[in-house]
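Novice: Counting from 2, one number per residue, gives the positions in the sequence shown under the numbering used here.
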Amino acid sequence: MTAASAPGKVILFGEHAVVYGRPAIAVPVGQAQVVVTVTDRQAGGVRIRSAATGYDLSLASAPGDHPLAAIIRATLGELSIPDEPALELIVESELPVGAGLGSGAAVSVAIVRALSEHLGTPLSPERQSALTFEVEKLHHGTPSGIDNTVIAYGQPVLFRRGQPVERLIVGAPFRLLIGDSGVVSATGPAVTAVRQRWQADQTRYEALFDEIGQIVEHAASAIANSAVELLGPLLDANQAALIRLGVSHPRLETLIEAARQAGAAGAKLSGAGAGGNMIALVNADTANGVERALLAAGAHHVLATEVTP
Ligand code: PMV
């Protein structure tokens, strides 16, 4: 039996603009994760069960574009295993689906890890990330690659599409609360909607992406230089730009406003938007009050995480 896990992630700054080549910052969220267990089985072939999504399928009968089957096939291909081994994979995920916490990429990375370890050839983070990226394209057509990167490397990243992974330097720790709006929102449609608006008015949207890119650059130096006090206003500025991009949602804005009122230094949506999660920057004094305020304002649940050097 082999078990492997992968964390979720949150995007701190730069979502959507990152699809158009601007930088973005994301951190793993280790408090919620995916665990995959692989065991040998008597009957032939690979069987996959996922309690979270209710899948119970055999690899042989799964459609080519099924994400779980696709990552298993990609891993077997990478390991040059021609015949389907007799294995059972059980996927257990604490990550909500369609909430911007990278559940799809986390499941893929955990499968690559568990399967490649079970078969005696553990794959590097670079390969885990590359295989997962191929499957991310099935979830939505034009992923930037930020999810698979931050999850496979398991560390904060300053991500630029198509460029080598750059570790985000963290000077001083800071705390975030992650509030789930409860509105399920798939990444694909949100990214497609932005693309359609961009196609209709490239000048306006390129300017917005530039604005977001600059916020990200400022945020990366603030994080590196332990200037945590600069991050709150930068989160708020990024949220304002995301509203203008048209990817916010009234339920997200209610949570963001509640967090600010309760003392958060700044707050914004995180991920594709149109639902999913928001993040709020807190400290030891404000964390409890902001968490209560988020729950009172309708957050389905709140995760706390600390970004550390
Ligand atoms: O999958 P999510 O909700 O974390 O959002 C992905 C972030 C986007 O920038 C919107 C898309 C992408 O591929 O980077």
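Built from N, CA and C at the ideal position, the CB exists for glycine as well.
Bridge partners for G267 per DSSP, in chain order?
Specialist: L282
Novice: Quick check: the segment 297 to 310 against the segment 157 to 171, are at least 3 beta-carbon pairs closer than 8 Å?
Specialist: yes
Novice: What are the boundary residues of the alpha helix (DSSP H) that Y154 is part of?
Specialist: 147 to 154
Novice: Does the ligand PMV have even one heavy atom less than 7 Å from the beta-carbon of I12?
Specialist: yes
Novice: Name the two residues that bound the continuous alpha helix (DSSP H) containing V192.
Specialist: 188 to 201
Novice: Please say whether V36 and K312 have beta carbons closer to each other than 8 Å?
Specialist: Outside the displayed range of the chain (2 to 310) lies residue 312, so it cannot be described from this structure.
Novice: How long is the line joining the alpha carbons of I152 and V110, rounded to whole angstroms?
Specialist: Here the C-alpha atom of I152 lies approximately 7 Å from the C-alpha atom of V110.
Novice: Does the Cβ-Cβ distance between G142 and G272 come in under 8 Å?
Specialist: Between G142 and G272, the C-beta spacing is not below 8 Å.
Novice: Does the ligand PMV have a heavy atom nearer than 7 Å to the CB of G22?
Specialist: no
Novice: Note down, in chain order, each residue of its chain lying with its Cβ closer than 7 Å to the Cβ of N239, except the 5 sequence neighbours on either side.
Specialist: F14, I213, I216, K269
Novice: How big is the Cα-Cα spacing for I211 and A294?
Specialist: Residue 211 is actually Asp in this sequence, not Ile. The straight-line gap from Cα to Cα measures roughly 33 Å.
Novice: Is it the case that the CB of E16 approaches a heavy atom of the ligand PMV more closely than 7 Å?
Specialist: yes
Novice: Since H140 and T188 should fall inside the 8 Å C-beta cutoff, what is the C-beta to C-beta distance between them, to a whole number of angstroms?
Specialist: 6 Å
Novice: Does chain B have any CB closer than 8 Å to the CB of L116?
Specialist: In the structure shown, chain B cannot be found, because there is only a single protein chain.
Novice: With a threshold of 16 other CB atoms inside 10 Å of the CB of T150, please say whether the residue is buried or exposed.
Specialist: buried
Novice: Ordered along the chain, which non-local residues of its own chain (more than five positions away) have a Cβ less than 7 Å from that of A106?
Specialist: T133, E137, D148, N149, I152
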